[in-house]
Structure formats: C-alpha cells, structure tokens
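S.K.:
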Amino acid sequence: MKKQNVVFMTQAAMTAAIYVVLTVVFAPFSFGEIQVRLAEALTILPAFTPAAIPGLFVGCIIGNFLGGALLPDIIFGSIATLIGAFGTWALRNQNRFLAPLPPILANTVIVPFVLRYAYGVALPIPFMMLTVGAGEIVSCGVLGMIVYTALSRYQGRIFKNASA
2 MKKQNVVFMT QAAMTAAIYV VLTVVFAPFS FGEIQVRLAE ALTILPAFTP AAIPGLFVGC
62 IIGNFLGGAL LPDIIFGSIA TLIGAFGTWA LRNQNRFLAP LPPILANTVI VPFVLRYAYG
122 VALPIPFMML TVGAGEIVSC GVLGMIVYTA LSRYQGRIFK NASA
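Spelled out as structure tokens, the structure:
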C-alpha cells in the first residue's frame, strides 16, 4: 500500500474519531432544535486535506448513532455534514473566511426538516433554521476559524502527504 493511501486513511480515521468523541462528550448540546455541535468545527478540515471529507461523514454517522439519533437524523444529518465538507474542500483556495460557509448552509437547511419530520418538533421550520444556523455559526464559523488559524501554521507538516 502506498504511503499516500495510508496517510489519507489515517487522517480520515482520526477526523472521524475526533468528531465522534466531541459529539458524544458534548451530547447535551449536540442535538436538538437549539444545538451547538462542537464537532462541526472540524468541518474546516477539508480546507487542508480531502481525507477529512470521508472522516467527517463517517464520524457524523457514528456520532449520531451513539448519540441516540433516529435513522433519518443519522442519514440526513450526516449527508448535511458531507455536503458541507465537500463545499469547504471546493472553496479551499478561495478566501479562508468562506470555508465554514458550506457546512453552515447545509446544516441550516437540512437539519430543521430532520427535526420536524423525524422528531416531530412543532416549532416553525424558519425558526429552527435560525436556531440551528446560529449554532452552526458558533461551531463552524467561530470555532472552525479558530481551528483553521491554528492549523494553518502547521499545514505543511501535518497535511503534506494526503491527497484525493
């Protein structure tokens, strides 16, 4: 197996593991109509390595499952994270402040429908878009940019051997 493939799989697995741990440890505010999922700060990682895309997707699936989410949440919540990760990767060479935008938008649009139709939350969908979006701004926008700033100092040493 090529070293490049091993590095890719290792980075994906580490991303998934960290996502799961953050989701489960902070479960009280990782789920619900008002949520700040701290693990979503990791959705900035595709700006550094494409290995983070499958890592975030798998991590979200496992984190949702272990967090007691219903099947539609496991599926569509994870798809929202996957869409956001792809979007961040697509914007990796643009202005760094655009990097958290795709996961914020994907979760703001998708998660309120999951809350309504999977969990029966009776709040208006636009209101839940506001609450979920606010949580995503905190986790992806604020915390994600802190992660971005910290990792950008070490980008050449940490992420140099991973590629799609």
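Take 2 as the starting number for the sequence shown in this note's numbering and just add one per residue.
Quick reminder that beta carbons are idealized off the backbone N, C-alpha and C, glycines included.
(1) Assuming F77 and V133 are in contact, meaning their beta carbons sit under 8 angstroms apart, how far apart are those beta carbons, in whole angstroms?
(2) Measure the alpha-carbon distance for L102 versus T89 and round it to whole angstroms.
(3) Please report the straight-line C-alpha distance between V59 and I84, rounded to a whole angstrom.
(4) Which whole-angstrom value describes the C-beta separation of A13 and A52, a residue pair presumed to lie in contact below a C-beta threshold of 8 angstroms?
(5) Identify, in the order they occur along the chain, each residue of the same chain with its Cβ nearer than 7 angstroms to the Cβ of T150, setting aside the five sequence neighbours on each side.
(6) Mapping DSSP to helix, strand and coil, what is T50?
(7) Can you list, in chain order, the stretches of the alpha helix (DSSP H) that have 4 or more residues and sit fully within the region 19 to 103?
(8) What separation, rounded to the nearest whole angstrom, lies between the Cα atoms of L144 and F9?
(9) Considering only their Cβ atoms, is the gap separating F87 from I75 smaller than 9 angstroms?
(10) Tell me whether A14 sits in a helix, a strand or coil according to DSSP, three-state version.
M.R.: Let me spell this out:
(1) On the sequence shown, residue 77 is found 76 positions in, with the first residue counted as 1. On the sequence shown, residue 133 is found 132 positions in, with the first residue counted as 1. Contact doesn't hold; Cβ gap of about 13 angstroms is too wide.
(2) Taking the first residue of the sequence shown as 1, we reach residue 102 at position 101. Taking the first residue of the sequence shown as 1, we reach residue 89 at position 88. Taking C-alpha positions only, L102 is separated from T89 by approximately 7 angstroms.
(3) The residue given as residue 59 occupies position 58 in the sequence shown. The residue given as residue 84 occupies position 83 in the sequence shown. Going by the C-alpha atoms only, they are around 13 angstroms apart.
(4) Residue mapping note: residue 13 aligns to position 12 of the sequence shown, counting from 1. Residue mapping note: residue 52 aligns to position 51 of the sequence shown, counting from 1. 4 angstroms between Cβ atoms; contact.
(5) One-based indexing of the sequence shown puts residue 150 at position 149. Hits under 7 angstroms: none found.
(6) For this step, residue 50 is matched to residue 49 along the sequence shown. Here DSSP, grouped into helix, strand and coil, assigns T50 to coil.
(7) As far as the region 19 to 103 is concerned, its whole alpha helix (DSSP H) runs of at least 4 residues are 53 to 67, 72 to 91.
(8) Residue 144 sits at position 143 when you count from the first residue of the sequence shown. Residue 9 sits at position 8 when you count from the first residue of the sequence shown. Roughly 24 angstroms separates the two Cα atoms.
(9) Here residue 75 refers to the residue found at position 74 of the sequence shown. Here residue 87 refers to the residue found at position 86 of the sequence shown. Cβ distance not < 9 angstroms, so I75 and F87 don't count as in contact.
(10) Within the sequence shown, numbered from 1, the residue matching residue 14 stands at position 13. Three-state DSSP puts A14 in a helix.
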